[in-house]
Amino acid sequence: DAIDLADAARAKAAECHDDEQQLLAALTMVGPMMVLGRSDEALDLIDSTAGLATTPYLESRVSFQRGAVWALMGQPTQATEAFESALPAFKEAGDSEMIMSTLRGLGNQRLAIGDLRQAQGDLEDALAIAVSRHQEPVISGIKHNLGLLASYQGDIPEALQLLVDSDQIYMRLTGSSAPQHVARCEVL
43 DAIDLADAAR
53 AKAAECHDDE
63 QQLLAALTMV
73 GPMMVLGRSD
83 EALDLIDSTA
93 GLATTPYLES
103 RVSFQRGAVW
113 ALMGQPTQAT
123 EAFESALPAF
133 KEAGDSEMIM
143 STLRGLGNQR
153 LAIGDLRQAQ
163 GDLEDALAIA
173 VSRHQEPVIS
183 GIKHNLGLLA
193 SYQGDIPEAL
203 QLLVDSDQIY
213 MRLTGSSAPQ
223 HVARCEVL
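Under the numbering used here, residue 230 is the last one in the sequence shown; the count climbs by one each step, no gaps.
Next comes the structure, spelled out in structure tokens:
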């Protein structure tokens, strides 16, 4: 349904000759495509609509979405490059939501590559934005990733504390009484 609705919005934007809305509707389709395992189709859609980006900010939205697809496909080097390309225009526009999302993506991909120092800086910067915006689900996720990073650095007490913090936020938000023990078990 999400793909169909976004595709209808894209068609309507094309009728109205609104390239920006056509592009944003197409990018909206990418996430659901990835959930359905249609990664090649998602990349083709990004590539076929990238020409509609008429500003550096919109080009960065395309690059960010490409990075997200590469990340889900397990291509951390390509994802990192795409996220790095997107970040300057988001910073210039002062779009804290996209800055946070991009830094989080960068941190996770750098973690996958093994660039722990850069990953930590990216994730800590993303966490600061999430805290300032009171985005508790994002805070939980970033603390989880920082916990994994701390474990890779050998700081087991810090890793466990971050994972517990993440679980507490998750349990409070979801009403779950069961913490997510998998990561803590891996650390231990």
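Virtual Cβ for every residue (Gly too), placed ideally from N, Cα, C.
Since this is a predicted model, take the numbers as computed values, not measurements.
- Valine 229 and alanine 201 do touch by the CB rule: their CB atoms are close to 5 angstroms apart, below 8 angstroms.
- For alanine 92, there is no enclosing alpha helix (DSSP H), as DSSP marks it with neither H nor E.
- By the beta-carbon neighbour count (other beta carbons within 10 angstroms, threshold 16), glycine 149 is buried.
- Restricting attention to Glu83, Ser138, Asp164 and Ile211, the CA atom closest to the CA of leucine 69 is found in Glu83.
- When Cβ pairs closer than 8 angstroms are counted between the two stretches, the stretch 105-119 is seen to touch the stretch 137-157, the count reaching three or more.
- Excluding five sequence positions before and after leucine 114, the CB atoms of its chain that fall closer than 8 angstroms to its own CB belong to Met76 and Ser81, given in chain order.
- Rounded to whole angstroms, the separation of the alpha carbons of leucine 188 and glutamate 166 is 8 angstroms.
- In the structure shown, serine 219 adopts coil according to DSSP, grouped into three states.
- The residues Gln151, Ala154 and Ile155, in chain order, have a CB closer than 6 angstroms to that of proline 118 in the same chain once the five nearest residues on each side in sequence are set aside.
- Glutamate 126 and methionine 142 have their alpha carbons spaced roughly 13 angstroms apart.
- Where histidine 59 is concerned, there is no enclosing alpha helix (DSSP H), because DSSP gives it neither an H nor an E.
- For the pair threonine 122 and phenylalanine 106, the Cα-to-Cα distance works out to about 10 angstroms.
- Distance from the CA of alanine 170 to the CA of glycine 136, rounded to the nearest whole angstrom, comes to 15 angstroms.
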